[in-house]
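Trainee: Position in the sequence shown (first residue = 1) + 4 = my numbering. Please see the structure below; I have some questions.
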Amino acid sequence: MAYNLAKFRELIRLTLDLDATDLPNTLVDEWVRDGATRAQTRRQEWPFFQYDWTFTGAVNKSNYTFAEIESEDGSGNEIAEIRQVRGPSWDLRWQDIATRDRYRSRDSDSSGSPSYWSVWNNGELVLDPVPDNANDTFVIRGYKKPKDWVADGDSGVSDMPKDFDSPILNWALGRAYAQQDEPQMALYYADLADLRLRELVRFYDDPSPTISVTMGGNYNRNMYPLMDPRFAWE
């Protein structure tokens with residue numbers, strides 16, 4: 005089972021032979037959060053952050069905020085990135101918002117079964133044409149935002165697999181040693197954290213295009229643009 009926050013605090017203080025007076029919770033928690041954030045962002049597409057959100061379209065409504073979709077889905081998972089949108093029996097194709105606006109301006113009254121999707125301002129899903137059926141259910145496939153489990157206090161547990169306890173702990177230990185003016189030990193634990201993260205990236209790295217790139221069911225076309233490096237060090 006993955007460590008909870010109380011266990012991280014205990015191990016950090018035990019390793020440095022210090023108590024809560026020397027290393028208060030507020031300080032240790034920030035180091036643990038930093039280690040968790042670093043692990044979460046080291047690879048852009050950790051498979052355990054994949055998720056499907058379901059929502060129902062509304063007649064004559066093209067824009068749906070992420071908050072609306074998340075609320076209807078009811079899972080508590082927030083949308084970090086959308087990779088695919090599916091209709092009741094078809095896949096929608098991605099188009100950039102500028103293209104969508106250019107063509108929509110020619111016939112702003114068109115409605116029907118949505119064939120395309122776009123994202124506006126990194127917070128709204130845009131369907132085109134505007135839905136004309138109030139019963140159409142759509143599924144968003146993408147990546148959820150990591151939870152700030154450190155904010156849950158003693159019982160908070162990472163939403164990453166327990167394999168990530170090691171790099172999180174080692175990074176926090178490095179920060180603790182740096183705070184105690186022991187740069188060699190700080191560098192040692194930072195290197196351990198980095199080494200373990202690299203191992204985990206290789207372990208979880210899957211080049212298959214299962215859900216990450218295809219739009220509309222045609223593998224050679226309608227590719228979602230993936231121009232950014234996958235890894236933080238690239």
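Just so you know, even glycine gets a beta-carbon here, dropped at the ideal spot from N, CA and C.
When the Cα atoms are used, what is the spatial distance from F12 to K65?
Mentor: One C-alpha to the other measures close to 47 angstroms.
Trainee: Are P135 and G78 closer than 7 angstroms when you measure CB to CB?
Mentor: No, the Cβ-Cβ distance between P135 and G78 is not below 7 angstroms.
Trainee: Using the three-state DSSP reduction, which class does E49 fall into: helix, strand or coil?
Mentor: The answer is coil: DSSP assigns E49 none of H, G, I, E or B.
Trainee: At what residues does the beta strand (DSSP E) containing G78 begin and finish?
Mentor: No beta strand (DSSP E) contains G78, which DSSP labels as neither H nor E.
Trainee: Across which residues does DSSP place D95 in a beta bridge pair?
Mentor: For D95, which the question treats as bridged, DSSP gives the partners R90.
Trainee: Please state the DSSP three-state secondary structure of S114.
Mentor: Here S114 sits in coil by DSSP.
Trainee: Can you tell me whether Q44 sits near the ligand FMN, meaning its C-beta is under 6 angstroms from at least one heavy atom of the ligand?
Mentor: No copy of the ligand FMN occurs in the structure displayed, which carries no ligand at all.
Trainee: Could you give the DSSP three-state label for E85: helix, strand or coil?
Mentor: If DSSP states are grouped into helix, strand and coil, E85 belongs with the strands.
Trainee: Please report the straight-line C-alpha distance between G116 and D56, rounded to a whole angstrom.
Mentor: When rounded, the distance between both Cα atoms is 24 angstroms.
Trainee: Short check: CB of W175 to CB of A155, under 7 angstroms?
Mentor: No. Outside cutoff.
Trainee: Leaving aside the five residues before and after I215 along the sequence, list all residues of the same chain whose C-beta is less than 8 angstroms from its C-beta, in chain order.
Mentor: Bear in mind that the predicted position of I215 carries a pLDDT of just 43, short of 50, making it too unreliable to give a figure here.
Trainee: Answer with buried or exposed for W94, where buried requires no fewer than 16 other C-beta atoms within 10 angstroms of its C-beta.
Mentor: Counting Cβ neighbours within 10 Å, W94 comes out exposed, since fewer than 16 surround it.
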